[in-house]
Every structure is written in C-alpha cells, then in structure tokens.
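**Q**
Okay, structure coming up:
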C-alpha cells in the first residue's frame with residue numbers, strides 16, 4: 476500500500492507539521508563561481524556546483540524555489556487538509572508521487588476559494604513542497620532526485636550534509652539540520668518508509684528505502700555525541716555498463732574482453748578494494764558479461780546488484796524481527812549461501828564476504844560452480860591473509876579456487892591542471908597456487924595505461940585444456956571481443972541493456988555477428 480511505501484497520514488498527524496526552507500536566500504557562497512547548474516525537478520529545484528577559484532574547493536548548492544509568507548500560511552493549512560482527506564489506495568500503487576499529485580489537485584480545487592486567491596505559480600510551489608514533505612524524502616528529497624549523487628550523509632545537528640558526486644566526488648552542501656527535532660523527524664520518516672523501527676532504545680538501523688536505496692541510521696545522542704546521523708547509499712536504476720567503465724578508464728578494452736572470455740568458461744573472480752573504490756560497481760559490470768541463460772544467484776545484505784539476465788535469483792539477508800530478547804527470524808548471508816546451493820546455480824555471486832559465508836562460497840567453487848564476490852582489501856597479499864584468518868578461515872589449499880583477483884582503487888591523476896580522483900583496476904592477478912600469483916594486467920599511472928602479460932598467466936592454459944583451443948586461438952578470441960567492445964564504444968552503445976543485447980547476440984552467433992556488424996573476418 477501507499478502508506479507502507481511513503482505516505483502515512485497517521486504518522487504525520489502525530490507530529491507538528493511546519494515548513495522549513497531547504498535553501499536560504501542568496502545560496503551561492505561569497506567568493507565562489509558557478510561551475511555547473513542542472514535541473515533536479517524543473518522548475519522547482521536545481522543543483523548548482525560552485526568553486527572557489529583561489530582554493531579550488533567545490534560545494535554543492537541546492538537552489539530551490541521558496542515560499543513567501545502568504546504561500547507558507549496556505550501551505551500549512553492545505554497540508555492539514557491533505558492529511559485529513561487523502562485516503563490510502565485500496566491497491567498497491569506503482570508511483571506514490573503520481574497518486575499524491577492526482578489526489579492533491581482534487582483537494583486543492585475543492586478548497587482553493589476558501590483558502591484565498593493565489594496565482595497558479597504559487598499553487599504549483601505549494602504542491603511541490605507538500606509532495607516533497609509527505610510522499611518524498613522531506614528536506615533531502617532534491618538530493619535523492621539527483622542521479623549524479625551516490626551517497627548522502629548527515630553527521631549530526633548543525634553540520635552540513637555531504638554528498639558523493641560522480642563527477643566532483645565529496646562535496647559539502649548548503650543543507651543543514653539546525654535543530655535536533657528537524658533531523659530526528661526526518662530520520663523517523665525515513666525509517667518509517669523502510670517498515671522498520673527506530674528509538675532511543677534501539678538507535679541503530681540498517682534498512683532499504685523505497686527504490687532500493689540503503690539507509691544507515693544512528694538515532695539521537697545515544698551512540699553519537701553530535702545528534703542523529705544518517706547515510707544513504709543510492710541505488711542506481713541505470714547501472715554502469717562495461718562500456719561506461721571502459722570510457723571512464725577503469726579498465727581497458729583488452730581487460731574487459733579477457734574477463735568476458737574467462738567468465739564464459741566459469742572462472743571465479745574476486746574484486747578487491749578499499750572503501751568507495753568501486754568494488755560493487757566493478758562486480759556488477761563484470762557479472763553482466765556472464766553468458767545469457769546461465770542460472771545466477773546473487774546474495775547481498777542490501778540489494779545493490781542489477782543484472783540484465785532473465786535466469787537470475789536475488790537473495791537478500793534479513794535482520795531479526797522483534798525487539799530485545801524477543802528477536803527471531805534472522806536470515807544471514809551464511810544461511811543464504813547454503814540456500815543458494817539448492818538452486819543449482821551456474822554462477823554464485825556474493826556482494827561482499829566477511830564471515831562464514833566465505834567458507835560455503837569456496838565449497839561451491841570446489842564443486843565446479845562459477846563464483847564472484849568482493850572483499851575489502853588493498854591488494855592480493857592482504858586479501859589472502861584475510862581469507863586464511865578468522866573469521867573467514869579459508870584453508871590455504873582452497874585459495875587457488877579463486878582464479879582471478881582484480882584490485883580496484885581510487886587514484887589521483889593530474890588532468891587539465893586539476894588533481895582529480897578516478898577509479899582504476901590497478902592489477903589483475905591469476906592464482907596459480909597459494910602464494911603463487913601471476914600478474915596478467917597492471918596499471919601504469921604515468922601514462923594511465925595498462926600493460927598485459929596474458930601468456931604468463933594460468934587461465935588461458937586452463938581454458939585451452941578444457942576447450943581444446945590453442946593459446947593463440949584464445950588470444951585471437953580476446954582480440955575479437957575487444958573489437959566488439961570498441962565497436963560498441965564507437966556507436967555510443969553504453970546502456971547496460973543495449974550492451975547485454977550485443978553480448979547475447981555474440982554468444983548465440985559469434986561469426987555471423989562479427990562479420991556482419993564489426994566487419995572482421997577473424998572467425999572465418
């Protein structure tokens with residue numbers, strides 16, 4: 476129902492509704508110049524990126540239409556009327572905002588004469604703020620609308636909200652929760668939208684918002700001296716494709732073609748990296764190269780993976796129900812990995828391994844299943860140390876079961892006179908044995924290029940033995956797939972659905988597709 480998703484009149488009637496401007500007048504800081512401006516919800520709110528020319532510091536400014544004194548008075552009245560008269564729908568609705576917009580316009584038409592004359596522009600502004608505060612994400616709703624934002628974090632009362640922007644990275648915004656009540660009410664609303672509970676007795680919440688956005692909350696001053704804090708990791712509806720990451724320089728065409736061939740032959744891949752290095756993004760992108768029709772089971776704490784495959788089962792862990800000593804019904808990653816094996820997957824993907832689920836995953840690899848996962852580690856040596864020690868406890872004899880270890884990092888490159896951060900897959904190692912690793916790709920920071928040494932690895936000989944193709948044939952196949960990827964880049968085919976369609980066609984009729992579309996004859 477709509478009330479379960481985003482809108483609960485009973486919830487808001489228990490609280491004093493008041494209009495709080497999201498953006499103060501004269502929002503552009505003194506000494507800053509506008510670098511970029513783009514709409515978030517035309518014409519009501521825009522994002523403005525500003526920069527201080529002398530220091531190079533950038534900030535994110537929300538430029539939102541404000542209500543004047545008369546509009547604010549009408550807003551307060553109409554909000555009470557909307558809460559009293561809008562009824563939750565009898566059936567599930569796909570778009571709560573659309574439902575609210577239709578119902579709110581009916582009610583405004585009914586009461587607008589008694590509320591006094593206002594121009595249409597004013598009513599549009601009032602309904603925008605009502606939608607934002609009731610069925611949206613309240614004061615952070617404009618940030619949730621911005622597809623360029625990956626993370627939103629509030630560190631406490633009186634502190635600026637920060638965002639992680641795909642283009643400009645970590646930015647301070649002009650949004651500040653100045654009072655405890657403001658941020659507390661916002662967080663209670665957000666947690667209510669997830670169907671969870673937060674209170675001083677249970678101040679920590681980790682849940683999924685509508686739209687699969689990940690919410691982490693520390694409530695009031697029970698666990699943080701700065702007051703209520705929260706972080707939202709946004710879910711990307713249009714995930715990065717392999718072409719996107721090649722265009723961004725995360726890895727090369729040859730690396731992508733290499734992964735494509737290895738995944739076709741059920742190689743297991745572990746993606747390493749630190750915080751915000753792009754592990755999950757790289758994992759999701761590589762998983763899209765898996766052969767269509769393969770049975771894929773993904774296991775995560777919060778839904779972040781988004782695959783184009785039809786034969787895909789997504790499993791999500793669940794925290795226990797109840798409070799205090801009455802908690803029950805918890806479903807852990809360990810439980811899900813064991814359950815996934817009963818689905819007979821061709822490929823088992825674990826979002827991140829941190830505990831006992833690692834043992835079950837490696838057991839699956841030992842029985843011939845393909846597998847992929849991420850692991851928090853800076854390099855392959857530290858990853859193996861983590862895997863072989865508690866709580867993961869993987870026997871050294873099982874380490875070669877992870878065929879390929881790909882390491883991603885955030886790196887800084889001087890480009891166009893600016894020192895900006897980028898994500899790069901700095902190395903790809905093949906595991907021959909415990910403590911015996913063969914580096915097949917290595918990033919060269921001086922020129923921002925990649926060196927390859929495919930013939931020194933162990934994957935191509937293993938694939939050759941399994942398929943009967945020679946090493947030279949496999950290298951030629953990698954080159955053909957590299958050409959296919961380059962062909963897609965030239966045609967700006969970056970959508971993950973378009974890329975998936977090309978990959979599917981290449982799998983089904985490689986020679987015909989390559990000769991007709993790419994224009995080569997290497998398969999002849």
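Numbering (this note's numbering), first residue to last: 476 to 999.
Yeah, the Cβ is synthetic: ideal placement off N, Cα and C, and Gly gets one too.
Applying the criterion that 16 or more other CB atoms from any shown protein chain within 10 Å of the CB defines a buried residue, is residue 916 buried or exposed?
**A** buried
**Q** Does the distance from the C-beta atom of residue 774 to that of residue 812 stay below 7 Å?
**A** yes
**Q** In terms of residue numbering, what span does the beta strand (DSSP E) encompassing residue 548 cover?
**A** Note, residue 548: premise wrong, no beta strand (DSSP E); alpha helix (DSSP H) at 544 to 560.
**Q** Hey, how far is the Cα of residue 638 from the Cα of residue 658?
**A** C-alpha separation (whole angstroms): 16 Å.
**Q** Which class does residue 669 belong to by DSSP, given the choice of helix, strand or coil?
**A** When secondary structure is reduced to three states using DSSP, residue 669 falls in the helix class.
**Q** Quick one: any contact between the region 678 to 686 and the region 582 to 596, if contact means 3 or more CB pairs under 8 Å?
**A** no
**Q** For residue 936 and residue 742, I'd like the C-alpha separation in whole angstroms.
**A** Roughly 13 Å separates the two Cα atoms.
**Q** From 655, 783, 818, pick the residue whose C-alpha is nearest to that of residue 976; which is it?
**A** 783
**Q** My parser needs the beta strand (DSSP E) runs of 3 or more residues fully inside the region 767 to 808; what are they?
**A** For the region 767 to 808, whole beta strand (DSSP E) runs of length 3 or above, ordered along the chain, are 771 to 775, 787 to 791.
**Q** Hey, quick one: how far does the beta strand (DSSP E) through residue 993 stretch, first residue to last?
**A** From DSSP, residue 993 is part of no beta strand (DSSP E); its letter is neither H nor E.
**Q** Alpha helix (DSSP H) containing residue 750: first to last residue?
**A** Premise fails: residue 750 is in no alpha helix (DSSP H) and is neither H nor E.
**Q** Using the C-alpha atoms, what's the distance from residue 705 back to residue 691?
**A** 6 Å
**Q** Are the CB atoms of residue 605 and residue 956 within a distance shorter than 7 Å?
**A** no
**Q** Exposed or buried, residue 793, counting other C-beta atoms within 10 Å across all chains shown (16 or more means buried)?
**A** Under this definition residue 793 is an exposed residue.
**Q** Ordered along the chain, which non-local residues of its own chain (more than five positions away) have a Cβ less than 8 Å from that of residue 500?
**A** Per-residue confidence for residue 500 stands at a pLDDT of 47, beneath the threshold of 50, marking its modelled position as unreliable; no derived number is given.
**Q** Less than 7 Å between C-beta atoms, sequence neighbours within five positions excluded: which residues of the same chain meet that for residue 988?
**A** 980, 981
**Q** Classify residue 902 as buried or exposed, calling it buried when 16 or more other Cβ atoms lie within 10 Å of its own Cβ.
**A** Residue 902 is buried by the Cβ-count criterion.
**Q** What residues in its chain sit with their C-beta under 6 Å from that of residue 873, if we drop five residues either side in the sequence?
**A** 837
**Q** For residue 1006, which residues from the same chain have a beta carbon less than 8 Å from its beta carbon, with the 5 sequence-adjacent residues on both sides left out?
**A** This structure gives no information on residue 1006, because the portion of the chain shown stretches from 476 to 999.
**Q** Determine the closest residue to residue 858 out of 842, 846, 655, 882, with distance taken between C-alpha atoms.
**A** 882
**Q** Hey, would you say residue 725 sits closer than 7 Å to residue 847, going by beta carbons?
**A** No; because the gap between Cβ atoms is not below 7 Å, this pair is not in contact.
**Q** Here's a check: name, in chain order, each residue in its chain whose Cβ is nearer than 8 Å to the Cβ of residue 941, leaving out the five neighbours to either side.
**A** 740
**Q** So the beta strand (DSSP E) residue 944 belongs to, where does it begin and stop?
**A** Here residue 944 belongs to no beta strand (DSSP E), and DSSP marks it neither H nor E.
**Q** When DSSP labels each residue in this structure, what does residue 725 get in the three-state scheme?
**A** coil
**Q** Please report how far the alpha carbon of residue 747 lies from the alpha carbon of residue 826, in whole angstroms.
**A** 12 Å
**Q** Between residue 889 and residue 830, is the Cβ-Cβ spacing less than 7 Å?
**A** no
**Q** Tell me the residue span of the alpha helix (DSSP H) that contains residue 526.
**A** No alpha helix (DSSP H) contains residue 526, which is instead part of the beta strand (DSSP E) from 520 to 526.
**Q** If we count the other Cβ atoms within 10 Å of its Cβ and call it buried at 16 or more, is residue 562 buried or exposed?
**A** So residue 562 counts as exposed.
**Q** Using CA atoms only, rank isn't needed, just tell me which of 504, 785, 608, 875 is closest to residue 843.
**A** 875
**Q** Three-state secondary structure (DSSP) at residue 850?
**A** Annotated three-state conformation of residue 850 is strand, per DSSP.
**Q** Considering only residues of the region 845 to 928, which uninterrupted beta strand (DSSP E) runs meet the minimum length of 3 residues and lie entirely inside it, listed in chain order?
**A** 845 to 851, 879 to 890, 893 to 908, 911 to 919, 924 to 927
**Q** Tell me, to the nearest whole angstrom, how far the beta carbon of residue 693 is from that of residue 879; I am working on the premise that it is less than 8 Å.
**A** In fact, because the Cβ distance is near 37 Å, the residues do not count as touching under 8 Å.
**Q** Among 766, 781, 749, which one has its Cα closest to the Cα of residue 760?
**A** 781
**Q** Compute the Euclidean distance between the alpha carbons of residue 998 and residue 730, then round it to the nearest angstrom.
**A** With a pLDDT of 43 at residue 998, under the threshold of 50, the modelled position of this residue cannot be trusted; read the value that follows with caution. About 20 Å.
**Q** According to the Cβ coordinates, are residue 528 and residue 521 closer than 7 Å?
**A** no
**Q** Here's the rule I'm using: 16 or more other beta-carbon atoms within 10 Å means buried, otherwise exposed. How should residue 864 be labelled?
**A** exposed
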